[in-house]
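Each residue of the sequence shown is one higher than the last, beginning at 477 in my numbering.
Notes for the one structure printed next.
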Amino acid sequence: MDMEAKIVVEPGGFAGKNTTFALILDERKRGEVSGFQKEFGLEPGHHSARLEYAFLKSNTVLFEVKTGSEIKLTWGISLKIFLIPVVFTLLGMILVFLPYNPTLMMISGASFVVLTPIIMLGFVLTPGMLYRLKMG
């Protein structure tokens, strides 16, 4: 395996300086990335990269690297996480505008209480929702 190209991974924006992520290149763990710039050698061709931390995953970036070139990837906190309060505010507003019917209010309120943690877990576990990886 000829390592003639290089990938540079560095934090950007609001990156967690003390958090260590696993760098997954082509579906294999390649090393660890933290709050500092880190370089990895790789062979020329098509590749995919993502970061993982426990059960959280970043988005997957697809790229092509040529012989002797350098690809720079930047990671940080995704701003998509701010969609969670917006979604729950909208759901709460829908519940407020339901017509007064005790049975309907009880069922919709109970559904909201039961489904809230499930929806939040779905948001958080979606790849790229908490952490993003981009070329740049």
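Glycine included, every Cβ here is placed at the ideal spot set by N, Cα and C.
Cβ separation of residue i and residue j, assumed to be a contact under 8 angstroms, to the nearest whole Å
i: leucine 606; j: isoleucine 557; result: 6 angstroms
i: isoleucine 500; j: leucine 549; result: The pair is not a contact, with the Cβ atoms about 12 angstroms apart (cut-off 8 angstroms).
i: glycine 517; j: asparagine 494; result: Glycine 517 to asparagine 494, Cβ: 26 angstroms. No contact.
Continuous beta strand (DSSP E) stretch holding residue i: start and end
i: proline 487; result: 481 to 487
Spatial neighbours of residue i in its chain, beta-carbon cut-off 7 angstroms, leaving aside the 5 residues before and after
i: aspartate 502; result: His523, Ser524
Sequence-distant residues of its chain with Cβ nearer than 6 angstroms to residue i (five each side left out)
i: lysine 505; result: Ala498
i: lysine 542; result: Pro520
For residue i, the first and last residue of its enclosing alpha helix (DSSP H)
i: isoleucine 638; result: Residue 638 lies beyond the range of the chain shown here (477 to 612); nothing can be said about it.
Candidates the options, of which the one nearest residue i by Cα
i: lysine 533; options: Pro487, Val589, Thr602; result: Thr602
i: phenylalanine 531; options: Arg608, Val600, Pro561; result: Val600
i: proline 487; options: Tyr576, Ile553, Ala481, Pro578; result: Ile553
So, does the stretch 573 to 587 touch the stretch 532 to 544, judging by three or more C-beta pairs under 8 angstroms? Because the criterion of three Cβ pairs below 8 angstroms is not met, the stretch 573 to 587 and the stretch 532 to 544 do not touch.
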